[in-house]
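Everything below concerns the one structure shown next.
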Amino acid sequence: MLSRELKSARVKNGYTQKDLAKELCLGTTSYTKRENGQISFTVDEVCLLREKLSLSDEEIIKIFFKNNVATKATKVS
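Residues in the sequence shown are numbered consecutively from 1, following UniProt numbering.
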């Protein structure tokens, strides 16, 4: 996960960590651990963040999945 990109989107949209924690029904510490990459966001949380931060599909992939999804097909022998 690209924590820096998520923080940038959050700040750009005028949210604090406390604000988004409340929107996701999380404590501030739990949200902070997610934003810092210590704990993974759930699919439902990612969907809510997409809505609240007006993130495009490309931004979602970049922030949450870029390091976890292969970008090229690999040939298996």
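By construction, the Cβ of each residue, glycine as well, lies at the ideal position given by its N, Cα and C atoms.
Separation of F41 and E35 (C-alpha to C-alpha, rounded to the nearest whole angstrom) is 8 Å. Remark: C-beta atoms of L20 and K62 do not approach each other more closely than 8 Å. Going by DSSP, K18 is part of the alpha helix (DSSP H) stretching over Q17 to E23.
In the three-state DSSP reduction, T42 falls in the coil class, being neither helix nor strand.
About 7 Å separates the beta carbons of E59 and A9, which is inside the 8 Å limit, making them a contact pair.
Minimum Cα-Cα distance from Y31 among the listed residues G14, F65, L6 and K66 corresponds to L6. Rounded to the nearest whole angstrom, the CA to CA distance from D57 to V46 is 11 Å. Shown here, K12 sits in a helix according to DSSP, grouped into three states.
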